[in-house]
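Heads up: the structure comes next, in structure tokens.
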Amino acid sequence: MTIIRRYPMLRDRRPLVDDLFESFLDSFNSLSNVSWSPVVDLEETNNEYVLHAELPGMNKKDINISVENDVLTISGEKKERVKNKESNCHIAEIAFGKFSRSFRLPAPIDSDKIEAKWENGILIVNIPKSDVAKARKIEIR
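Here this note's numbering is used: the first residue of the sequence shown is 785, the next is one more, and so on.
This is the structure in structure tokens:
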């Protein structure tokens, strides 16, 4: 009679190993879905907010700016550059794809007077404060 030894501990570990590989593959696959996000500076003066967004390699026609309920949103899509099919890419760090950033502004704004300009890959948005939000000195009677 042959004795077959079974190791129940090894059988119990198989799901753990499966989970390990599955989570590794999930994290790797999620890298392809990562959207990029432009870096911004948001400054405040007495009369306005000024937003600077770095958008190198983009055309201004591919950028949208909207405002609703004192939330400014910039969105757009940076197209992937056409690569030479005969070359081998050794480093690929340039981000592309769709993006969207929203900024809740701390004080009411005058959305009718917002202006935007484009300078060397930098989007500059001037966002005037509403007269209600401007600082003023109150005289005591």
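Virtual Cβ for every residue (Gly too), placed ideally from N, Cα, C.
Inset, instruction - Put S884 into one of helix, strand or coil per three-state DSSP. - result: Looking at S884 - three-state DSSP - the assignment turns out to be strand.
Legend entry - Cβ-based burial, A876 [other Cβ within 10 Å; buried from 16]: It is exposed - the Cβ of A876 has fewer than 16 other Cβ atoms within 10 Å.
Legend entry - Nearest candidate by alpha-carbon position, reference N853, set I922, N830 and P890: Of the listed residues, the one whose Cα sits closest to N853 is P890.
Legend entry - Close beta carbons around S886, own chain, < 6 Å, minus the five adjacent residues each side: Setting aside the 5 residues that flank it on each side, S886 is surrounded in the same chain by V855 and T857, each with a C-beta closer than 6 Å to its C-beta; the list follows chain order.
Inset, instruction - Alpha carbon to alpha carbon, how far is I893 from S821? Give it in angstroms, no decimals. - result: Answer to the nearest angstrom: the Cα atoms are 24 Å apart.
Inset, instruction - Give me the Cβ distance between G905 and L839, rounded to the nearest whole Å; I'm assuming they're in contact under 8 Å. - result: Cβ atoms of G905 and L839 come within 8 Å of each other, at about 6 Å.
Legend entry - Under 9 Å between C-beta atoms of I911 and W902: Contact: no.
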